[in-house]
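If you're matching them up, the sequences are chains A and B in order.
Note that our numbering numbers the first sequence so that position 160 is 160, with each residue one more than the last.
Position in the second sequence (from 1) plus 1000 gives the number in our numbering.
Glycine included, each C-beta is placed from N, C-alpha and C at the ideal position.
Note that this is a predicted model, so its numbers are computed, not measured.
There are 2 protein chains.
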Amino acid sequence: MMVAAPTRITDQSLRQFAGYTMKRAFNAIRADVTAALAPFELRMVTFSALSVIVENPGLRQSQLADALLIERPNIVALVDELVRHGLVEKAKSSTDRRALSLVPTLLGVDSCARATAAVAAHDRRMTAALSSTARTELIEMLKSIERAGEGLQNDGVTTA
Amino acid sequence: MMVAAPTRITDQSLRQFAGYTMKRAFNAIRADVTAALAPFELRMVTFSALSVIVENPGLRQSQLADALLIERPNIVALVDELVRHGLVEKAKSSTDRRALSLVPTLLGVDSCARATAAVAAHDRRMTAALSSTARTELIEMLKSIERAGEGLQNDGVTTA
DNA sequence: GTCATTTAGATATAGAGTATAACCAAATCG
DNA sequence: CGATTTGGTTATACTCTATATCTAAATGAC
Chain A
1 MMVAAPTRIT
11 DQSLRQFAGY
21 TMKRAFNAIR
31 ADVTAALAPF
41 ELRMVTFSAL
51 SVIVENPGLR
61 QSQLADALLI
71 ERPNIVALVD
81 ELVRHGLVEK
91 AKSSTDRRAL
101 SLVPTLLGVD
111 SCARATAAVA
121 AHDRRMTAAL
131 SSTARTELIE
141 MLKSIERAGE
151 GLQNDGVTTA
Chain B
1001 MMVAAPTRIT
1011 DQSLRQFAGY
1021 TMKRAFNAIR
1031 ADVTAALAPF
1041 ELRMVTFSAL
1051 SVIVENPGLR
1061 QSQLADALLI
1071 ERPNIVALVD
1081 ELVRHGLVEK
1091 AKSSTDRRAL
1101 SLVPTLLGVD
1111 SCARATAAVA
1121 AHDRRMTAAL
1131 SSTARTELIE
1141 MLKSIERAGE
1151 GLQNDGVTTA
């Protein structure tokens, strides 16, 4: 069979779906935020984890896993990475001898603050075309989608 | 060091960023759309590819790769999967003996239509909380973020 | 027309990211 | 107390995506 190729390729049908454009938008975000975090030797996940640890000092690993929707086995290497970089310490819990309390170091608190500023700059770049109210509305809409996923069949929980 | 764990874990700081909530929203979407596509033996990527092939019959593999921001090597197995399922045919290009023209089969066109309906239902589930104008605005905002990523440093291109 | 360069498709491979199963030790509960 | 659950861990595997390299054919310079 012989067929000539079209010159202009479209993705019209897919564009009707929020998920398709969201994936493309998120890819752009990921590329940019990854670059923004590189100077701090942080990845997206480790930055998220550090941020939650700084905001909730003393939390347990399982709580961190729950908060970021990460499976517990994957938390171990992640936290170890933060410990290795001197950003977080694994303290023993005073109430449960099995548990660890994650505490940020001074360096961790400082790095988190500076990384957060870098990510904020990144975020401004990516949403530069949006008014500040539009940006707020966007986040609210995303939250409502996140919530919509919570009540569905297999409860596909994962991520960070 | 002994530290008691906080009872309620927050992610306030991360919530200021569109990217964080977008990742969580997209995870929810992915879980649901993956389930929606399972009956058709399609994955997100293969569905996207099939949709573009149906919409642009005769396109070359490299055009498909460009359209979906997939690296060319990854297109090969992807298209083969569609061929194996009888949804697409690799036709020889009439103008370039190196090139392939991707053409949907009748089954491919039909499956694409039914899968598109299933994905549309999924999309409605996920955006149920949004008014139809809000949903349109959401997609426009996501497009603007996607565009914002196009003009940046390393031009982090990837995805599907 | 011939040679250098580019393009289309393909192969092999590697690295993230994330998921599952199974294990030990301590806590909890009947 | 014994059974069950929970916190952390290890090992492992699967998906997704990226990079390097190869060939055959097309294009472009002269």
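Buried versus exposed, by CB contacts within 10 Å (16 or more), T1046 of chain B: The residue in question, T1046 of chain B, is buried, as its Cβ has 16 or more Cβ neighbours within 10 Å.
Against Q40 of chain A, what residues of chain B qualify as contacts under a CB-to-CB distance less than 9 Å, listed in chain order? Note that residue 40 of chain A is Phe in the sequence shown, not Gln. Going along chain B, no residue has its Cβ under 9 Å from F40 of chain A, so there is no contact; the nearest lies around 15 Å.
Element boundaries [alpha helix (DSSP H), containing P1057 of chain B]: Unbroken run through P1057 of chain B: none, as it is neither H nor E.
With distance defined between alpha-carbon atoms, name the residue in B:P1039, B:A1038, B:L1064 nearest to L1050 of chain B. B:L1064
Give the residues of chain B in contact with A67 of chain A, contact being defined as C-beta atoms less than 7 Å apart. I1009, D1011
Length of the line joining the Cα atoms of R1097 of chain B and L68 of chain A: 51 Å
DSSP three-state assignment for S1093 of chain B, whether helix, strand or coil: strand
Any idea what DSSP makes of S1101 of chain B, helix, strand or coil? strand
C-beta contact flag for T21 of chain A and L1107 of chain B at 8 Å: no
Residues of the segment 1102-1116 of chain B in Cβ contact with chain A at a cutoff of 8 Å, in chain order, please. V1103, T1116
Which value, in whole angstroms, describes the spacing of the CA atoms of A99 of chain A and G86 of chain A? 20 Å
Any C-beta of chain A sitting closer than 8 Å to the C-beta of S1048 of chain B? yes
Output the distance between the C-alpha atoms of T1127 of chain B and R135 of chain A, rounded to the nearest integer angstrom. 17 Å
In chain A, which residues lie less than 7 Å from E1146 of chain B when you measure between Cβ atoms? The answer, in chain order, is T21, R24, A25, A28.
Compute the distance between the beta-carbons of K23 of chain A and F1026 of chain B, then report whether it is under 8 Å. Yes, they are a contact pair.
Please report the straight-line C-alpha distance between V33 of chain A and S1013 of chain B, rounded to a whole angstrom. 16 Å
Closest Cα partner of I70 of chain A within the set A:G58, A:S48, A:L82, A:E55: Ranking the options by Cα distance to I70 of chain A, first place goes to A:S48.
With a cut-off of 8 Å, does the C-beta of T1159 of chain B fall near any C-beta of chain A? In this prediction, T1159 of chain B has a pLDDT of 36, which is less than 50 and means its spatial position is unreliable; what the coordinates show is noted afterwards. At least one chain A Cβ lies under 8 Å of T1159 of chain B.
Could you check if R1114 of chain B is buried or exposed, using at least 16 other CB atoms within 10 Å of its CB as the buried criterion? exposed
Taking the alpha carbon of P57 of chain A as the point to measure from, which residue in B:V1079, B:I1009, B:A1038 has its own alpha carbon closest? B:I1009
Please classify Q61 of chain A as buried or exposed, where buried requires at least 16 other C-beta atoms within 10 Å of its C-beta. buried
For a contact defined as C-beta to C-beta under 9 Å, what are the partners of L1037 of chain B on chain A? Result: empty, since nearest Cβ-Cβ is about 11 Å, beyond 9 Å.
Buried/exposed call for P73 of chain A, threshold 16 Cβ in 10 Å: exposed
For D1110 of chain B, count neighbouring Cβ atoms within 10 angstroms of its own Cβ and tell me buried if that reaches 16, exposed if not. exposed
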